[in-house]
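Colleague: In terms of this note's numbering, the sequence shown opens at residue 495 and continues consecutively.
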Amino acid sequence: SSSGTMFLQMKPWEDRKEASEQLFGVIGQLQKEFSVIKGANIVVVPPPAIPGLGNTGGFSFMLEQRESSPDIKAFEAVVNKFVGAANQRPEIGAAYTFFTAKTPGYQLTVDRQQAKKLGVPLTNIFSAMSTYLGSTYVNDFTKYGRNFRVVAQADTFYRQDITALKSFYV
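#1: Use the C-beta contact count for Tyr626: other C-beta atoms within 10 angstroms, 16 or more gives buried, fewer gives exposed.
#2: Would you tell me roughly how many angstroms separate the C-alpha atoms of Leu616 and Thr657, rounded to the nearest one?
#3: Keeping to the same chain, check which residues put their C-beta closer than 8 Å to that of Ser629; ignore five residues upstream and five downstream.
#4: What are the start and end residues of the alpha helix (DSSP H) that includes Val530?
#5: Assuming the contact rule is C-beta atoms closer than 8 Å, Val538 and Leu524 should be a hit. Round their C-beta distance to whole Å, please.
#6: Are Ala665 and Phe662 closer than 8 Å when you measure CB to CB?
#7: Can you list, in chain order, the residues of its chain whose CB lies under 6 Å from that of Ala595, leaving out five sequence neighbours each side?
#8: What does the alpha-carbon distance come out to for the pair Gly613 and Gln559?
#9: For the beta strand (DSSP E) containing Thr636, name the first residue and the last one.
#10: How many angstroms separate the CA atom of Pro584 from the CA atom of Thr603?
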């Protein structure tokens, strides 16, 4: 998936007299404008009250496809309907999903006998694949008065083609 982050600098307080020019007025206008962009999931969030800390107290929800079905697009339609219904509720600020049926899925089989023969623990293989193909949280550090999260993952080039698995080192 593709993602991006953008920061806006607003005019000084004294130059913003109307409610539409205040933080939540601007956020509302941006959300309205972004909502019509097909194929994009754009979330507008205000900065946290304390830099370096989060500004949400929300929750995560996982929607499961319990029946075995090869029709992943039907499940995507259910997910989108659920998110749409959640966004109609006034007590939910914003619901969104990064799930898309366009993301390919693969099933890999590790040759366990070969790994054993080479003395490579299975946990190392699965950990390496998880880091290379997904990401692994490493730690946080503070610099310039801000907290930064360190996440390890392979470069995009090595994550967008399944044949790149041949170049992974465990």
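Ideal Cβ placement from N, Cα and C applies to all residues, glycine included.
Modeller: This is what the structure gives:
#1: Counting Cβ neighbours within 10 Å, Tyr626 comes out buried, since at least 16 surround it.
#2: So the alpha carbons of these two residues sit roughly 20 Å apart.
#3: Around Ser629: Val645, Ala646, Gln647.
#4: Taken as a continuous stretch (DSSP letters only), Val530 belongs to no alpha helix (DSSP H), as it is neither H nor E.
#5: Between Leu524 and Val538 the Cβ distance is about 5 Å, and since that is below 8 Å, they are a contact.
#6: This structure gives no information on residue 665, because the portion of the chain shown stretches from 495 to 664.
#7: Contacts found: Ile566, Lys567, Glu570.
#8: In a straight line, the C-alpha of Gly613 is about 37 Å away from that of Gln559.
#9: In the DSSP annotation of this structure, the continuous segment of the beta strand (DSSP E) that includes Thr636 starts and ends at 630 to 637.
#10: One alpha carbon belongs to Pro584, the other to Thr603, and they sit about 46 Å apart.
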